[in-house]
Amino acid sequence: MKGPFSGGFSLNSEWQDIPEDDGLTLGPEEALFREIQKSKSLKVERLKLRDDIEKLQAKNQKLEQVIEKLEREKLALRKSIEATGVSNETPVLPPTTQYPPLWIRVLLVFNLLACVWLIFESRI
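Under this note's numbering, the residue at position 56 of the sequence shown is numbered 1256, and the numbers go up by one with no gaps.
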């Protein structure tokens, strides 16, 4: 059973503007007031967007300056490296062997022999 107030209405819910499409017609003053409010909110939004654009353009200019500075530093470092003859290549390391070191192999053989000895001792 549903009561007259059980349609999801709560006392804390916010009121929404009633759209004009519901068959309700607004008077000329209310329609004008609503249009003025829309116009004001659009102007405020447009000003905020302009401010955001200006901030982003300033940030973009700063980043372009940083990029130019880094490019100049990179070019200067490259010229100094070429002038000194220092190579920026990494040294070639000797290849590592595929087999483990000798002590690991000796330890493995010793442990296997100890396991075999313990198995035969427990049978006797």
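We treat Cβ as the ideally placed atom computed from N, Cα and C, and that holds for glycine. Since the structure is predicted, the reported quantities are computational estimates derived from the model, not experimental observations.
- DSSP, reduced to helix, strand and coil, places T1284 within a helical segment of the structure shown.
- For L1302, the uninterrupted alpha helix (DSSP H) run begins and ends at L1302 to R1323, by DSSP.
- Note on geometry: alpha-carbon atoms of N1260 and L1242 lie some 26 Å from one another.
- P1228 sits in a helix when the DSSP states are folded into three classes.
- Within the same chain, no Cβ atom closer than 8 Å to the Cβ of P1228 is found once the five residues on either side in sequence are excluded.
- In this structure, the straight-line span from the alpha carbon of K1269 to that of R1250 is close to 29 Å.
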